[in-house]
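Have a look at the structure below before the remarks.
Number of protein chains: 4
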Amino acid sequence: MTEFFPGIGNIPFEGPESRNPLAFKYYRADQKVLGKTMRDHLRFSVAYWHAFRGTGGDPFGPGTIVRPWEKGGDPVEMAIVRVRAAFEFMRKLGTPFYCFHDRDIAPEGKTLAESNRNLDAVIKVVKEQQAETGIKLLFGTANLFSNPRYMNGASTNPDAHVFAFAAAQVKKMMEVTLELGGENYTFWGGREGYQTLLNTDMRRELNHMAKFLGMAAAYKKEIGYAGTLLIEPKPKEPTKHQYDFDAATVIGFLRQYGLEREFKLNLECNHGTLAGHTFHHEVELASRYGMLGSVDANSGDTMLGWDTDQFPMDVKEAAMTMRVLLNQGGLGSGGFNFDAKLRRESTDLEDLFIAHIGGMDTLARGLLIAAKIREEGVLDSMLQDRYSSWESGIGVEIERGKTDFKALERWALAEGEPKSLSGRQERYENLLNGYL
Amino acid sequence: MTEFFPGIGNIPFEGPESRNPLAFKYYRADQKVLGKTMRDHLRFSVAYWHAFRGTGGDPFGPGTIVRPWEKGGDPVEMAIVRVRAAFEFMRKLGTPFYCFHDRDIAPEGKTLAESNRNLDAVIKVVKEQQAETGIKLLFGTANLFSNPRYMNGASTNPDAHVFAFAAAQVKKMMEVTLELGGENYTFWGGREGYQTLLNTDMRRELNHMAKFLGMAAAYKKEIGYAGTLLIEPKPKEPTKHQYDFDAATVIGFLRQYGLEREFKLNLECNHGTLAGHTFHHEVELASRYGMLGSVDANSGDTMLGWDTDQFPMDVKEAAMTMRVLLNQGGLGSGGFNFDAKLRRESTDLEDLFIAHIGGMDTLARGLLIAAKIREEGVLDSMLQDRYSSWESGIGVEIERGKTDFKALERWALAEGEPKSLSGRQERYENLLNGYL
Amino acid sequence: MTEFFPGIGNIPFEGPESRNPLAFKYYRADQKVLGKTMRDHLRFSVAYWHAFRGTGGDPFGPGTIVRPWEKGGDPVEMAIVRVRAAFEFMRKLGTPFYCFHDRDIAPEGKTLAESNRNLDAVIKVVKEQQAETGIKLLFGTANLFSNPRYMNGASTNPDAHVFAFAAAQVKKMMEVTLELGGENYTFWGGREGYQTLLNTDMRRELNHMAKFLGMAAAYKKEIGYAGTLLIEPKPKEPTKHQYDFDAATVIGFLRQYGLEREFKLNLECNHGTLAGHTFHHEVELASRYGMLGSVDANSGDTMLGWDTDQFPMDVKEAAMTMRVLLNQGGLGSGGFNFDAKLRRESTDLEDLFIAHIGGMDTLARGLLIAAKIREEGVLDSMLQDRYSSWESGIGVEIERGKTDFKALERWALAEGEPKSLSGRQERYENLLNGYL
Amino acid sequence: MTEFFPGIGNIPFEGPESRNPLAFKYYRADQKVLGKTMRDHLRFSVAYWHAFRGTGGDPFGPGTIVRPWEKGGDPVEMAIVRVRAAFEFMRKLGTPFYCFHDRDIAPEGKTLAESNRNLDAVIKVVKEQQAETGIKLLFGTANLFSNPRYMNGASTNPDAHVFAFAAAQVKKMMEVTLELGGENYTFWGGREGYQTLLNTDMRRELNHMAKFLGMAAAYKKEIGYAGTLLIEPKPKEPTKHQYDFDAATVIGFLRQYGLEREFKLNLECNHGTLAGHTFHHEVELASRYGMLGSVDANSGDTMLGWDTDQFPMDVKEAAMTMRVLLNQGGLGSGGFNFDAKLRRESTDLEDLFIAHIGGMDTLARGLLIAAKIREEGVLDSMLQDRYSSWESGIGVEIERGKTDFKALERWALAEGEPKSLSGRQERYENLLNGYL
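Spelled out as structure tokens, the structure:
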């Protein structure tokens, strides 16, 4: 059996003082945190498209990253070799999950029928590899944005023909996801949006998108797929405006069309920051509305205006995300998927390991911090105190809907001015820094 | 009777070639456009807070703008003088509407009761001025963000006491709006948001905001107020995040809490751009969901990150907005309110006229262009052609819900690849430029 | 002889009311404006890389634009066919100039020597085409950013080997530019910057860049090239930070290293906006320091954070740019080069004409407006009045260096407070709108 | 003697595990790091304007922060009381430096002469307080942006009268700084820029600014002031464009006018991020050009577009800044000045201590990390290896100017393609995270 990453074994845990680039400093899969292993808290996943199809190409130059196994030849056979490389990588890295698009894992054919056959051929090997390694599919997803046919959108294309084509592609990929036991199925509408409103009937396109998602939800039931359907918001890029702008927009859209019980959200950090939100905001919002399904773990550069998809390296941000997850009792069928790519200049084979190790350590460290914050309870108790006026008197009456404007006016006239209560932001910030 | 703007008479229309700064070049109130006067299309309104309470202060220095009538003394008497100045200004300018906050038009007292009395005293004169001039109130609104008591929010304050206080203030202002025949009542939640998530229970605050708005809708019915309740979105500033982020967020929020039939939106251009949207996007979105109630006409600087509230001076943008309005058949009870302020350096008295004239001309010109585009029909017919696939065959079946993924897959396998259809963005852009 | 654009003839002028997408509405090459033809004012140039090598690819999908002449086969022969298509296009469009990168016009070979031979073979045909059509080379430039060898920079690469390679490439391309009679030679340092400061010795890299440019200036003299050397600033993308951030940074850099007499700037609108500046700012700054050499005419979307390279469609912005150019008496050896690309969805062959026509009309219209502003003189005279205090008294003394802090203190104590002088921004804005 | 902060003593050091909000966790003034005390490395300074004149006002509401000693009455007497409060605060906090504007510390009078007298009266007490506490003036500065007379700029005002007035004000404040032994004098040109280019002669204004700074440098010599003159860049806010945009712009400007030996830079983090740069970038750039004089320690919110002036709370960023400082051997006469303000909602008196403690701990922690990175040497040695090609062969020849394009072409043709060398960004990032 070919070894694709010779000289690199299973990545060990060596602790925070280690300077070994190929060792974990914080992530220890079996370590229990608040009664659950890190593995089960974090449910790490490798994104096939970046890790095994990323070449380092950008709008100003072609790929720089050359993998020794990429020898060309028959594209289906090449795809199968690549699958083996990927499973070796994930086994050595120790991630329990992965995910892929239909067109990443198997080559598109000349016709839809041929594309489907290609996919079946590759999936056969994927299934064997899953069985052999125990690595599972976090989610399947269809690529409805790369092929030129989707340049004006997939379900929101002005041409109904493209809508039908997209439907056929998603149908097949939902079947594949079911077959592989994928725990979720994700929709990212990369070109569901517009480049200029001048040539766009926005509402009609939104109606079509809702129709499409409704059919997907129906088909899920028809085939008995029990996983979660996820929508991934992004505000822009490649289009000027994407309809799934951010968490609030997608939740509102789902409610508008009565789809809110059929879908949850797969939130990506860099997509949140492109929409002008911290990732903490996005996960908190979705979580508190019961809509947080999974996380695309990466990070962006808030001073750059495109999706840089860097590996998550900010411990403070990771701690805030983990705090939300602990509060909602875990991600359920979701996980932390590294939708992150190597920098174009990171061309060494070991960089692929190093980048994932960095991301896993950052999130593991965030988990440890969030758990400590939770166990000490100081921050939670400050927060509870801040809202204590809602636990009695007029606060309770308001929350229970037992009062109205007239009664509140009487109350306010009688009680007079409220006291000034400091928001204490710097105190909260210092406290948080104390845990980092 | 004192004249506040001596030497300036009613602003005349002089046509596009005039270089007279105190004349209209495009706005001619009685000119009919598509069968309706410009006055009735545009329903211009002056924002009392900027036009008569703006001083040019900014975070780096106090006010620069000194008005001859601002002589201090008893604040209620001063407020009444100011009202007279405002009505003279609006009469000479020829705007049929205006709007104000409770605390702009009358001074806050030491207690809520005193504030209410102050307001009543000033409103008496306002009512006389309305009767005398025929100028009407576009909307009333309560200032729930300036007073330090609201520093942590009004309806979303962690302290229930503040919620009650805010309720009392809105109750009173809704009564005043009713009394003055105000056509709408607006909510702008300037501090309904957070500065840091660390000290915030976001969902609880959202619940409180919904309760508050629900009570307002109930009180409206109770007092028999027939105007429209409006919510004005803004993404940030003064807070880091405002809950009424943008049109999509507010519509989603209203649906979440079952309030979507009680409120419409008052959209402001600069608030849209701060959220990362063109104003065209915001009005189109709200309009097509039936939620566009009124417009705060201004413009921002997309390269600056704060609300510059400049007068609208971009004709192309104005044309796009007007196109949306013509499509929805006008703004109903809404209007174009100049929520725009003089630059801090524009200290001449006549600058106040000049700035409003510029905004009115820009929007009037936008209206003329949008009407011409509509009458010629070239752009509309290009757009219709682009979506023609939805008018027959598979397109109709999808829109009517007569198909599903299985049928679409069969169809796609049979029909093969869709044709490549150019989006023709540059052609649309050139065509639009041809009308400017 | 093959016709590459059958059915499209020379683009005629039809005037502002024409709706013919393949006609000019404002650009009339021979029309005189302030004593000079539009052709000579504007010196339009087609950018070979976008117009003939652009495929519509973006980071989320491959090319969509398919040209009938792109039939593959031997890359040098294909390059020659493409050159013929390009000259037919430019002839029909009526642009007097074009420009290209070495690697756009001829394919890179396996070795530098082979690349040079390829370039020579293609340039032979280019030279014939130039002679035949009279179309001239606005500038030549070397692509030092696409090939993976330049991923970490060219002259700023941590590896001296890459520096040498880049030097060799520029040397050759300077020779080619000389041979073709190119009026300028441009440096755009697409990867001269960093992705992270962590792995970067910034000052050492800046020193190397200065060395490189110094050698280029020396080589120019050695070969007797009389054209202008241009540097094109851009703040970021593809790198996180590019050393040639904006006009001020590049001018400062040139002064730091004593190169300010050897180079001028080639300014691009979209690069300016990415740096947080209006294009008007960039051209004004460079012009007033005597450093404005040429313009890359395009426009960006200020609400998107990447280089969208759209065709310039904003008439007001064009007018402001033209005002600067009229003030400096034209661009000299520079011109307006359409460094602008078709939208990925604009796949019709005629879209290439339509987009350029739109850009040319926009700039021609800007020129007409700027000329009218200049001829009427109202705006200029307002501006002159504003600075009149510098034409006598203390103003003259300050400008002439005849005073100091002590004398000014005495003067200020004696004269007292200055008067408040309105900046009149809205009046200027209205006035400008009056010319649009 | 009145105690202004009763119940709060000298802030103790309690170490990282302490949860006492009024204790240091990392800053220990006397602890030696790389042979120098933390006190001497960091040279912390309190900004009088934020700490003692900040009220929490923002564009949407007046001040919220009420200090018990602010009792009104005679403004000079009130100013003196405030000085005493400030020195008590600084003494208890343990910061060795502070800084102020003329108009923060003493009230502006009706005339310049009266303002000068007010300043003298207050400075007398300041001098006593300095002597008593040993606290020193890091820098003095004149406020040339708050008073309405400066609305159109100070040295760049279109009115020469204002230039003269500003000169008089700076002259006086330079004298005061000399008298108090201030170690630096700072220029922040808050309104030296423009709101619209339409009404602006940019180059003339830049010339005036240079004249002004030249006179200041001359006056410095005349009065024998030995401190450093500092310019503080900021890109925008309050103006649309400020001439001192960023470090590179200011350095370029100084060179343009031959002033580069008379000034250094005072860099502020939030100003850097508003210009699109990391603070690390700004300090590295200035430092490597020998122009880094002092630091305004704060932080902004990169997703907000205005100067939030928050206390620095990001340890990773602090470590990067400290790394630059250790590399340049300290700040010389400069220091870390907390140009940071309490959030508007942080109204408790103790919040003022807590915020500064947080900032001091963050920077102290950054220092400890930077020292450890330096001592271990792993990162530095990776960096050195990356540039090793410049230490021999062709690299040395290039750096020494011993080669040219022709020789490099020969070399490149002979040597062939450079090897691909990974930039290893993720490895550097992981390594850095290992020290946090």
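Chains as they are written, first to last, in this note's numbering: chain A, 6 to 441; chain B, 6 to 441; chain C, 6 to 441; chain D, 6 to 441.
Each residue gets a CB set at the ideal place from its N, CA and C atoms; glycine is no exception.
Rounded to whole angstroms, C/P26 and C/G194 show a C-alpha spacing of 36 Å. Between B/E350 and B/F258, the alpha-carbon positions lie close to 39 Å from each other.
Within the same chain, Cβ atoms closer than 7 Å to the Cβ of A/F250 are found at P238, P240, A280, the five residues on either side in sequence being excluded.
At a cut-off of 8 Å, the C-beta of D/L117 has no neighbouring C-beta in chain B. Identification of chain D residues near C/Y433 by a Cβ-Cβ cut-off of 7 Å yields T201, L203, N204, ordered along the chain. When secondary structure is reduced to three states using DSSP, A/Q315 falls in the strand class. In the DSSP annotation of this structure, the continuous segment of the alpha helix (DSSP H) that includes A/K132 starts and ends at 117-138. For the pair B/G12 and B/P73, the Cα-to-Cα distance works out to about 14 Å. Within the stretch 146-163 of chain A, the residues whose Cβ lies closer than 8 Å to some Cβ of chain C are F150, S151, N152, P153, Y155, M156, N157, listed in chain order. The stretch 20-77 of chain A is shown to contain whole beta strand (DSSP E) runs of 3 or more residues at 49-52, in chain order. Exposed is the label assigned to A/M6, since fewer than 16 other Cβ atoms lie within 10 Å of its Cβ. In this structure, C/T201 and C/K245 form a Cβ contact; the two beta carbons are roughly 7 Å apart against a cut-off of 8 Å. For A/A419, the number of other beta carbons within 10 angstroms of its own is below 16, and it is reported as exposed. Excluding five sequence positions before and after A/G20, the CB atoms of its chain that fall closer than 8 Å to its own CB belong to K30, given in chain order.
When Cβ-Cβ separations below 8 Å define contact, C/A360 makes contact with chain B.
Chain D places a beta carbon closer than 8 Å to that of A/Q430, counting this residue as a contact.
DSSP places A/S427 outside any alpha helix (DSSP H), giving it a letter other than H or E. Bridge pairing for B/K177: absent [DSSP]. Among the residues facing chain A, C/F65 is included, as its CB has a counterpart in that chain under 8 Å away. Interface annotation, A/W74: not in contact with chain B, CB-CB separation never under 8 Å.
Every unbroken stretch of the alpha helix (DSSP H) spanning 4 or more residues and falling wholly within the stretch 139-220 of chain A is given here in chain order: 165-184. Put simply, the stretch 62-77 of chain B does not touch the stretch 103-110 of chain B. Fewer than three CB pairs are less than 8 Å apart. Contact check for D/A215 and D/Y262: beta-carbon distance about 4 Å, within the 8 Å limit, so the pair qualifies.
With fewer than 16 other Cβ atoms from the protein chains shown falling within 10 Å of its own Cβ, D/A136 counts as exposed. A direct Cα-Cα distance of roughly 49 Å separates B/Q134 from C/L372.
Around the beta carbon of B/V51, 16 or more other beta carbons lie within 10 angstroms, which makes this residue buried. By the C-beta criterion, the stretch 171-184 of chain C is judged not to be in contact with the stretch 429-436 of chain D, since fewer than 3 inter-stretch pairs fall below 8 Å. Only residues of its own chain outside the window of five on either side were considered, and among them I236, P238, D249, L270 have a CB closer than 7 Å to the CB of D/V255, listed in chain order. Looking at the backbone, the Cα of B/L39 and that of C/G99 are separated by about 40 Å. Between B/D63 and D/P243 the beta-carbon gap is near 5 Å, inside 8 Å, which marks them as a contact.
Closest in C-alpha terms to A/H55, from the list A/T313, A/Q333, A/A323, comes A/T313. Residues are counted here when their Cβ sits less than 9 Å from a Cβ of chain D; for the stretch 161-186 of chain A the count is zero. Contact between A/N342 and A/S299 holds: their C-beta atoms lie close to 7 Å from each other, under 8 Å. The beta carbon of B/L441 sits closer than 8 Å to some beta carbon of chain C. Considering only D/T233, D/G59, D/C274, the residue with the shortest C-alpha distance to D/E267 is D/T233. Here C/Q247 is bridged, per DSSP, to C/G198.
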